[in-house]
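Okay, structure first, notes after.
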Amino acid sequence: MVLKPTLGDLKTIGYYLGKIIIGLGMTMIFPIACALLFREINPLYDFTISILICLIFGQALTMLCHTEKDLGWMHGMVVVSLAWLIAAVLGAIPFYFSGHWKSFLDCVFDSMSGFATTGLVLVRDLDHISRAVNIWRHVIMFLGGQGVVVIALSFLVRGSAGAFRMYVGEARDEKILPNVVETSRFIWIVSITYLVLGTIALAVTGKMEGMSWINSFFHGVCIFMAAFDTGGFAPQSQNLLYYHSLAYEVITIVIMILGAMNFKLHYTVWLKRRKEIADNIETRTFFMTAMFTFFLLAIGLNKLGVYPDALGLFRKGFYQLISGHTGTGFQTIYARQFIHEWGALALIALTLAMALGGGVCSTTGGIKMLRIGVIFKALYNDVKKIMLPEAAVFVEKYHHIKDVVLEDRQVRSAVLISFCYFGLYAVGAIIGMMLGYPALAALFESTSAAANVGLSCGITTPAMPAVLKVTYILQMWIGRLEFMSVFTLAGFFIAFVRGK
Amino acid sequence: MRNPRGREARDVGRGTWDVKRETPPFFRPASCVFRLSLLLSVAYCLSSVSYAQTTVTSTELIERAKELNGKEVSYQGEAIGEAMARGEHFWINVNDGNNAIGVWAPDNFLSVISFTGGYTAKGDWLEVRGVFNRACKMHGGDVDIHALALIKAREGKAVTHRLARGKHTLIVILLGAFICLSILQLLKKRLGKK
Numbered sequence: 001m002v003l004k005p006t007l008g009d010l011k012t013i014g015y016y017l018g019k020i021i022i023g024l025g026m027t028m029i030f031p032i033a034c035a036l037l038f039r040e041i042n043p044l045y046d047f048t049i050s051i052l053i054c055l056i057f058g059q060a061l062t063m064l065c066h067t068e069k070d071l072g073w074m075h076g077m078v079v080v081s082l083a084w085l086i087a088a089v090l091g092a093i094p095f096y097f098s099g100h101w102k103s104f105l106d107c108v109f110d111s112m113s114g115f116a117t118t119g120l121v122l123v124r125d126l127d128h129i130s131r132a133v134n135i136w137r138h139v140i141m142f143l144g145g146q147g148v149v150v151i152a153l154s155f156l157v158r159g160s161a162g163a164f165r166m167y168v169g170e171a172r173d174e175k176i177l178p179n180v181v182e183t184s185r186f187i188w189i190v191s192i193t194y195l196v197l198g199t200i201a202l203a204v205t206g207k208m209e210g211m212s213w214i215n216s217f218f219h220g221v222c223i224f225m226a227a228f229d230t231g232g233f234a235p236q237s238q239n240l241l242y243y244h245s246l247a248y249e250v251i252t253i254v255i256m257i258l259g260a261m262n263f264k265l266h267y268t269v270w271l272k273r274r275k276e277i278a279d280n281i282e283t284r285t286f287f288m289t290a291m292f293t294f295f296l297l298a299i300g301l302n303k304l305g306v307y308p309d310a311l312g313l314f315r316k317g318f319y320q321l322i323s324g325h326t327g328t329g330f331q332t333i334y335a336r337q338f339i340h341e342w343g344a345l346a347l348i349a350l351t352l353a354m355a356l357g358g359g360v361c362s363t364t365g366g367i368k369m370l371r372i373g374v375i376f377k378a379l380y381n382d383v384k385k386i387m388l389p390e391a392a393v394f395v396e397k398y399h400h401i402k403d404v405v406l407e408d409r410q411v412r413s414a415v416l417i418s419f420c421y422f423g424l425y426a427v428g429a430i431i432g433m434m435l436g437y438p439a440l441a442a443l444f445e446s447t448s449a450a451a452n453v454g455l456s457c458g459i460t461t462p463a464m465p466a467v468l469k470v471t472y473i474l475q476m477w478i479g480r481l482e483f484m485s486v487f488t489l490a491g492f493f494i495a496f497v498r499g500k
Numbered sequence: 501m502r503n504p505r506g507r508e509a510r511d512v513g514r515g516t517w518d519v520k521r522e523t524p525p526f527f528r529p530a531s532c533v534f535r536l537s538l539l540l541s542v543a544y545c546l547s548s549v550s551y552a553q554t555t556v557t558s559t560e561l562i563e564r565a566k567e568l569n570g571k572e573v574s575y576q577g578e579a580i581g582e583a584m585a586r587g588e589h590f591w592i593n594v595n596d597g598n599n600a601i602g603v604w605a606p607d608n609f610l611s612v613i614s615f616t617g618g619y620t621a622k623g624d625w626l627e628v629r630g631v632f633n634r635a636c637k638m639h640g641g642d643v644d645i646h647a648l649a650l651i652k653a654r655e656g657k658a659v660t661h662r663l664a665r666g667k668h669t670l671i672v673i674l675l676g677a678f679i680c681l682s683i684l685q686l687l688k689k690r691l692g693k694k
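Sequences listed follow chains V and S, in order. Heads up: the first sequence begins at 1 in this note's numbering, then just goes up one per residue. Heads up: the second sequence begins at 501 in this note's numbering, then just goes up one per residue.
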């Protein structure tokens, strides 16, 4: 028998949602400060209206649903999945006011793309957008990368079992520190430290590459936020190609890889256990899959003679590959070049890299390296078991921060999530094909959306069908939350309708 | 954005390819046959020129990149972002409304540009003549145009954004609602304590 959620359940969910919405509204202070700094009057009004809407909505929810009850597992998961949807809608309001998007659906698309750190865009005339809106596009990536709930956990919600349930619902099942609030704060400390260092590096490079100080600093902040949070937005319509700079590309590769690393690994390295980088199953798997997919990609590009020399092949091929593998989505080529020039093999290799993703408990999307590593380790051990005498007993282990005994439960979970991802990629691809797009292009774009990458082969434009926009929005949302909280939300609605 | 050398930009100097064709006096014969042959030869010259420099859009450059690779093209668009100086050359990205293409030009053309497009300005509309590269060897495989000539077809301008109507009123209403809610919450808390 399915139990119908009670009014108390709804109140608990509403109360925590309200808190998260207030937290989200407060983050609009950044674009407001930017609008004041650059004297952009219309964006200043737009963000003031948006912040007020968030505060009113959040405050009304916390008032109406006030409760002292802590969150249960079901509540935590439902709060997280709803919070991401509401964040995408509320975050889209300033976009809509700016007039740079064709419809509110397009605004929600870009907002979800930002929060989910995807990087697919439907914005029009990006080169003439205000700095305040531009900074907001990147701030939502930064917030989404750390996690919308992590914001609330860090500042608004006291550390409790319920807080941990929300943290897990946001696709982060690893606690770095014993307390979940401390973990959230550590994630912020890491991110802000890198933000300062990365921005300085990019700003100095930008200046050396011929930009003015103001622009180099502004672009530095934006590009850092998009790179570290493996987002992929950029302040100009050409994305990273705008800079025509090798130095900029090298720095962003480093930042993208840092962003794709597990925060727990960052913590271990901060504790001066640098050997962990070489020993960790995730970094090893990432290195191997990156090399394998690059090998395939290089064969594909070389066979078609796409680039005149090895440097060109490496600079373009390796950059898009790392951008795809880390789930960032920065592009130094035009979207249509994938289709017209790259050929099937290179495109398949890049799609595979996008599907795999980066580290767990990082800002990246996709299946993730720990799961891939665990599956391959299990496969290797099964083969090894067959080769050994039947009486032989051995313990299967892998190294992830510490030596961990490989259990069937972990392998099953890794395989299950991987299958869910493949299913999600396939659903988007099938819908794309049904709407008339070629199979490979549809699969590429669908994988990019569901794995929160943001590389585009040209399907994602304001002119694409609304059905596909909604499909990609859902893919980005489900892919970012890694299924469980979305499944729980679906179960919650079913229980609400059919429960007794 | 105003170029620091903006004042010089009106003067179409050595950085442009705007050639004024004036007919010298000795080319004014009375005979009709001569005029006709002159007309035909000019037409022939113009047709060969148009063959050598294909006028293209950014979409064509991307979609027909293999075909146009290494050819001299003529491309028009708005200068966006900012001109980025690199030694004796500079990069300027030129957007024709669909995509922006990077143009690599000698720094003597820098004086042509007065405004670059952004939130506060409409950039100059530039006409670029140059060699198109599908995967430029010099620039790590970039799609670009190496400019041979650059002229400003239309000067850009600073853009003033007026405050949209109704936003003021909306803010006042929302602020009122927010204050009311805050007072209500405060009262609720106090009553709850009692």
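The beta-carbon is built from N, C-alpha and C at its ideal position, and this holds for glycine as well. All values reported here derive from a predicted model rather than from experimental measurement.
For residue i, the three-state DSSP class (helix, strand or coil)
| i | result |
| --- | --- |
| V/ASP403 | strand |
| S/ILE651 | strand |
| V/GLY458 | coil |
| V/ILE129 | coil |
| V/LEU122 | coil |
| S/ASP596 | coil |
| V/MET464 | coil |
| S/ASP624 | coil |
| V/PHE483 | coil |
| S/THR554 | strand |
| S/HIS589 | strand |
| S/PRO606 | strand |
| V/GLU445 | helix |
| V/SER113 | helix |
| S/ASN633 | strand |
Euclidean distance between Cα positions of residue i and residue j
| i | j | result |
| --- | --- | --- |
| S/GLY617 | S/ASP607 | 19 Å |
| V/ALA346 | S/THR620 | 41 Å |
| S/SER550 | S/TRP625 | No answer about S/SER550 holds up, because its pLDDT of 45 lies below 50 and its placement is not dependable. |
| V/LEU370 | S/PHE609 | 53 Å |
| S/VAL631 | V/ILE51 | 49 Å |
| V/PHE533 | S/TRP604 | Beyond the ends of chain V as shown, which are 1 and 500, falls residue 533 of chain V; an answer cannot be given. |
| S/LEU670 | V/ILE53 | 10 Å |
| V/THR62 | V/LEU85 | 18 Å |
| S/ILE651 | V/GLU209 | 24 Å |
| V/ILE431 | V/THR488 | 24 Å |
| V/HIS266 | V/MET74 | 30 Å |
| S/ALA635 | V/LEU297 | 17 Å |
| V/GLY499 | V/ILE13 | 18 Å |
| V/TRP136 | V/LEU143 | 10 Å |
| V/TYR319 | V/SER81 | 33 Å |
| S/LYS688 | V/GLY8 | 19 Å |
Pair within 8 Å by beta-carbon distance, residue i and residue j
| i | j | result |
| --- | --- | --- |
| V/PHE115 | V/VAL148 | yes |
| V/ARG315 | S/ILE562 | no |
| V/TYR45 | S/LEU674 | no |
| S/GLY602 | V/HIS325 | no |
| V/LYS11 | V/CYS65 | yes |
| V/HIS138 | V/PHE233 | yes |
| V/ILE367 | V/SER418 | yes |
| V/TRP59 | V/ILE20 | It should be noted that the sequence gives Gln, not Trp, for residue 59 of chain V. Result no, Cβ atoms of V/GLN59 and V/ILE20 do not sit closer than 8 Å. |
| S/GLU655 | S/SER611 | no |
| V/GLU282 | V/ASN262 | yes |
| V/GLY454 | V/GLY91 | no |
| V/ILE192 | V/PHE224 | no |
**OP:** Quick one: which residues of the stretch 118 to 141 of chain V get their C-beta closer than 8 Å to a C-beta of chain S? List them in chain order.
**Re:** ASP127, HIS128, ILE129, SER130, ARG131
Subject >> Interface positions of the stretch 591 to 614 of chain S facing chain V (Cβ-Cβ less than 7 Å), listed along the chain >> reply: TRP591, ASN593, ASN595, ASN599, ALA600, GLY602
**OP:** Output the residue ranges of the alpha helix (DSSP H) runs that lie fully inside the stretch 214 to 276 of chain V and measure 4 residues or longer, sorted by chain position.
**Re:** 246 to 260, 263 to 270
**OP:** Mind checking the stretch 276 to 299 of chain V against chain S and listing, in chain order, the residues whose C-beta falls within less than 9 Å of any C-beta there?
**Re:** none
Original post:
the stretch 678 to 690 of chain S: which residues have C-beta closer than 8 Å to a C-beta of chain V, in chain order?
Top reply: PHE678, LEU681, SER682, LEU684, GLN685, LYS688
Subject >> Segments of 4+ residues assigned as alpha helix (DSSP H) that fall wholly inside the stretch 305 to 393 of chain V >> reply: 310 to 313, 319 to 325, 343 to 356, 369 to 387
Subject >> Near-chain S residues of the stretch 303 to 334 of chain V - C-beta to any C-beta below 8 Å >> reply: VAL306, TYR307, PRO308, ASP309, LEU311, GLY312, LEU313, ARG315, LYS316, THR332, ILE333, TYR334
**OP:** Could you pull out every unbroken beta strand (DSSP E) segment of at least 3 residues lying fully inside the stretch 22 to 69 of chain V, listed in chain order?
**Re:** none
**OP:** Note down, in chain order, all residues in the stretch 650 to 672 of chain S with a beta-carbon under 9 Å from any beta-carbon belonging to chain V.
**Re:** VAL659, HIS661, ARG662, LEU663, ALA664, LYS667, HIS668, LEU670, ILE671
Original post:
For the stretch 57 to 68 of chain V, which residues have a beta carbon sitting closer than 9 Å to at least one beta carbon of chain S?
Top reply: GLN59, ALA60, THR62, MET63, HIS66
**OP:** Report the residues of the stretch 629 to 651 of chain S with a CB closer than 7 Å to any CB of chain V, ordered along the chain.
**Re:** ALA635, LYS637, HIS639, GLY640, GLY641, ASP642, VAL643
Subject >> Members of the stretch 231 to 248 of chain V that neighbour chain S once the beta carbon cut-off is set at 9 Å >> reply: PRO235, GLN236, SER237, GLN238, LEU241, TYR242, TYR243, HIS244, SER245, LEU246
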